[in-house]
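Okay, so the sequence shown: first residue is 762 according to the numbering used here, each after it adds one. All residues carry an ideal CB built from backbone N, CA and C; glycine is no exception.
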Amino acid sequence: MKPAIVFGTRPEIIKLVPVIRAFKDRDVDPLLIHTGQHYDYEMSRVFLEELELDGIDYHLEVGSGTQAEQTGTAMIKIEKVLLDERPDVVIVQGDTNTVLAGAIASVKLKIPVAHVEAGLRSFDRTMPEEINRILADHASEILFAPTDEAKKNLEREGIREGVYVVGNTIVDAVLQNAELAGKKSDVLERFGLKPKEYLLITAHRAENTDSRENLERLVEILENLPMKAVYPIHPRTKKRLEEFGLLEMVGGIGNLIVTKPLGYLDFLRLEKNAFAVMTDSGGIQEETIILGVPCLTLRYNTERPETVKAGGNVLVGLERERVLKYLRRLMEDRKFYESMSKAPNPFGDGKSGKRIVEILLDLYKRGELNVRSSRFI
Ligand code: UD1
Ligand code: UDP
């Protein structure tokens, strides 16, 4: 079988490495296509190096742009590669513009798409990611849903064929790298941090960072934290903070360590040892419940409701008082802290990559890896 894997951003690299490793374990060498949606060293190459992902076959250098520019450029460049290479299946992961571009380019060439992390829904169609998720799922032939809840979302939209609940490859990634992070990363020592005595913060979601009002609310939260905190700034957020004249203010907050984005081993070690994490990231909502660290999500909805139901994640939005209320409760109420830390991981056993590869190899062997004319028969 000749699979192609299309990816372009930080979380896609992290979550697809377990699939690539599982293919290699079965002596299949997938074609690797990096769109270049993320291109800074800290957003891309550092992960390729740390996760030992060499042998990228195509670097498409799509870069940044408006939604349509980025998606359109990626689609045009991916199509050229697919026409030359004619893989048996194209694998995409998640909800980025790279995913949408890969899925549309592929299905229109009648190459079946396998969507890893299918069926997630925030039910907020103002998010670019929600549009990408819905369209990618409907363009896909094989849908690897991480949970039963994701499967149900697909059923609600009439997608019942080709759906496999396999867990989330983020569990594979965390299990494969947490121990290594403990051994190799010196991030706590570098920043002078003690385990469970600091918060870890990330924020990059367009709805939080693209409006001055929301970014100011984020900054207000950062100014009022009751504990030391580390804040690796995503390039989108850095750009907006600069644009709105807020970057210096953030840099000057006393108990906040502001840093560029970190490599995976540093980030995992920081995450594992944090008192709590505040984030609007999807992947970090997943990792915190796997690592047993309380998560406060700086959003009003989530496509990972399993984490909230399990008790490991609270949606606090950008409400300063609500954020501080939960932080105080975590600091003062031992039972509450324990209950959040011990919330069960809903994302599987860390064998998702292997499961995905076995399913694809089996479909291929049976001659069932095709674009069907209808899902409804
Ligand atoms: C994208 C995904 C988002 C995902 C995130 C992971 C979409 C619509 N969004 O958001 O779902 O959670 O990646 O981190 O696909 N930039 C740089 N250097 C880089 C990359 C980006 O400076 O290496 C800056 C550019 O100014 C760019 C901005 O960040 O315009 C946003 O980048 P973009 O790839 O459009 O979206 P993300 O916010 O990274
Ligand atoms: N991450 C990282 N360094 C950082 C911030 C995040 O390695 O400075 C990792 C994090 O561990 C997780 C992934 O990046 O696996 C999440 O990516 P991001 O928040 O950019 O995207 P999302 O998951 O929201 O799509």
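Quiz prompt | Nearest neighbour of Glu1064, chosen from Asn1106, Gly880 and Val927 [CA to CA] | solution = Numbered from 1 along the sequence shown, position 303 holds the residue referred to as residue 1064. With respect to the C-alpha of Glu1064, the residue from Asn1106, Gly880 and Val927 having the closest C-alpha is Gly880.
Practice problem: Counting only the same chain and skipping the five closest in sequence on each side, list residues whose C-beta sits under 7 Å from that of Val868. | Solution: As a position in the sequence shown, residue 868 is number 107, starting the count at 1. The beta carbon of Val868 is closer than 7 Å to those of Val874, Ala900 and Val1132 in its chain, skipping five residues each way along the sequence.
Exercise. On the DSSP bridge assignment, give the partners of Ile852 in chain order.
Key: Taking the sequence shown and counting its residues from 1, one reaches residue 852 at position 91. Answer by DSSP bridge pairing, in chain order: Ile766 and Ala875.
Quiz prompt | Beta-carbon contacts of Ile1138 that lie in its chain and below 7 Å, excluding the five residues immediately before and after | solution = On the sequence shown, position 377 is the one that residue 1138 refers to. Bear in mind that the predicted position of Ile1138 carries a pLDDT of just 49, short of 50, making it too unreliable to give a figure here.
Practice problem: May I have the straight-line CA-CA distance separating Asn929 from Leu843, to the nearest angstrom? | Solution: Here the question's residue 929 lines up with position 168 in the sequence shown. Here the question's residue 843 lines up with position 82 in the sequence shown. One C-alpha to the other measures close to 27 Å.
Practice problem: Determine, using beta-carbon pairs with one atom in the segment 772 to 782 and one in the segment 1111 to 1122, whether at least three such pairs fall under 8 Å. | Solution: At 8 Å Cβ cutoff, the stretches touch.
Practice problem: Give, in chain order, every unbroken run of the beta strand (DSSP E) that is at least 3 residues long and sits entirely within the segment 906 to 971. | Solution: Complete beta strand (DSSP E) runs here, min 3: 924 to 926 and 960 to 963.
Quiz item: Is the closest heavy atom of the ligand UD1 to the C-beta of Met1039 under 8 Å?
Solution: Locating residue 1039 in the sequence shown gives position 278, counting from the first residue. With a cut-off of 8 Å, the C-beta of Met1039 is classified as distant from the ligand UD1, since no heavy atom of the ligand falls inside that distance.
Practice problem: Work out the CA separation of Ile994 and Ala964 for me, nearest whole Å. | Solution: Here residue 964 is taken as the residue at index 203 of the sequence shown, counted from 1. Here residue 994 is taken as the residue at index 233 of the sequence shown, counted from 1. Going by the C-alpha atoms only, they are around 7 Å apart.
Quiz item: Beta-carbon separation of Thr857 and Thr770 under 9 Å?
Solution: Here residue 857 corresponds to residue number 96 of the sequence shown, with the count starting at 1. Here residue 770 corresponds to residue number 9 of the sequence shown, with the count starting at 1. It is a contact, given that the beta carbons lie within the stated cut-off.
Exercise. State the DSSP-derived secondary structure class of Ile1138, mapped to helix, strand or coil.
Key: Position 377 of the sequence shown, counting from 1, holds the residue named residue 1138. Low per-residue confidence applies at Ile1138: pLDDT is 49, beneath 50, and the placement is therefore not dependable enough to give any value.
Practice problem: Answer yes or no: the CB of Gly880 versus the heavy atoms of the ligand UDP, is any distance below 8 Å? | Solution: Position 119 of the sequence shown, counted from the first residue, corresponds to residue 880. No.
Exercise. Have a look at Leu1031 and Arg1127 and give me their C-alpha separation to the nearest angstrom.
Key: Counted from its first residue, the sequence shown places residue 1031 at position 270. Counted from its first residue, the sequence shown places residue 1127 at position 366. Distance between the alpha carbons of Leu1031 and Arg1127: 45 Å.
Quiz prompt | Check: Glu890 C-beta below 8 Å from any heavy atom of the ligand UD1 | solution = By 1-based counting over the sequence shown, the position of residue 890 is 129. For the ligand UD1, at least one heavy atom lies less than 8 Å from the Cβ of Glu890.
Quiz item: According to the neighbour-count rule (16 or more other Cβ atoms, all chains shown, within 10 Å of its Cβ), is Ile903 buried or exposed?
Solution: Counted from its first residue, the sequence shown places residue 903 at position 142. Buried is the call here.
Quiz item: If you compare alpha carbons, which of Val1054, Ala783, Ala967 and Met1010 is closest to Tyr959?
Solution: Start at 1 with the first residue of the sequence shown, and residue 959 comes out as number 198. Looking from the CA of Tyr959, the closest CA among Val1054, Ala783, Ala967 and Met1010 belongs to Val1054.
Self-check item: Length of the line joining the Cα atoms of Lys841 and Val1075
Solution: Looking up residue 841 in the sequence shown gives position 80. Looking up residue 1075 in the sequence shown gives position 314. For Lys841 and Val1075, the gap between their C-alpha atoms comes out near 44 Å.
Quiz item: When DSSP builds the beta bridges, which residues end up paired with Leu1017?
Solution: Your numbering for residue 1017 matches position 256 in the sequence shown. Looking at the DSSP output, Leu1017 bridges to Ala990.
Practice problem: Taking 9 Å as the cut-off, decide whether the C-beta atoms of Leu1059 and Asp1041 are in contact. | Solution: Taking the first residue of the sequence shown as position 1, residue 1059 is located at position 298. Taking the first residue of the sequence shown as position 1, residue 1041 is located at position 280. In this structure, Asp1041 lies closer than 9 Å to Leu1059 by Cβ.
Quiz item: Which residue from Gln854, Ala862, Ile1120 and Asp801 puts its Cα closest to that of Thr834?
Solution: The residue given as residue 834 occupies position 73 in the sequence shown. Out of Gln854, Ala862, Ile1120 and Asp801, Ala862 has the C-alpha closest to the C-alpha of Thr834.
Quiz prompt | Same chain, Cβ closer than 6 Å to Leu812, five either side skipped, listed in chain order | solution = For this step, residue 812 is matched to residue 51 along the sequence shown. Cβ neighbours of Leu812 beyond the five flanking positions: Val778.
Exercise. Give a single yes or no on whether Arg1001 has its beta carbon closer than 8 Å to a heavy atom of the ligand UDP.
Key: Against the sequence shown, residue 1001 aligns to sequence position 240. In terms of side-chain proximity, the C-beta atom of Arg1001 is found no nearer than 8 Å to any non-hydrogen atom of the ligand UDP.
Quiz prompt | Start and end residues, alpha helix (DSSP H) containing Thr1040 | solution = Here residue 1040 corresponds to residue number 279 of the sequence shown, with the count starting at 1. Per DSSP, Thr1040 lies in no alpha helix (DSSP H) segment; the continuous beta strand (DSSP E) that holds it begins and ends at Ala1037 to Thr1040.
Quiz prompt | Same chain, Cβ closer than 8 Å to Ile898, neighbours up to 5 away in sequence not counted | solution = Residue mapping note: residue 898 aligns to position 137 of the sequence shown, counting from 1. What sits at residue 898 in the sequence shown is Asp, not Ile. Contacts found: His876, Ala879, Gly880, Leu904, Leu915, Glu918 and Ile920.
Quiz item: Who sits around the ligand UDP, taking every residue whose Cβ is closer than 5 Å to one of its heavy atoms?
Solution: Every residue whose beta carbon comes nearer than 5 Å to a heavy atom of the ligand UDP appears here in chain order: Arg771, Pro772, Ile775, Pro993, Pro1022, Leu1023, Tyr1025, Phe1028, Ser1042, Gly1043 and Gly1044.
Practice problem: Consider the C-beta atom of Ala911 and the heavy atoms of the ligand UD1; say whether any pair is separated by less than 8 Å. | Solution: The residue given as residue 911 occupies position 150 in the sequence shown. No - the ligand UD1 has no heavy atom lying nearer than 8 Å to the Cβ of Ala911.
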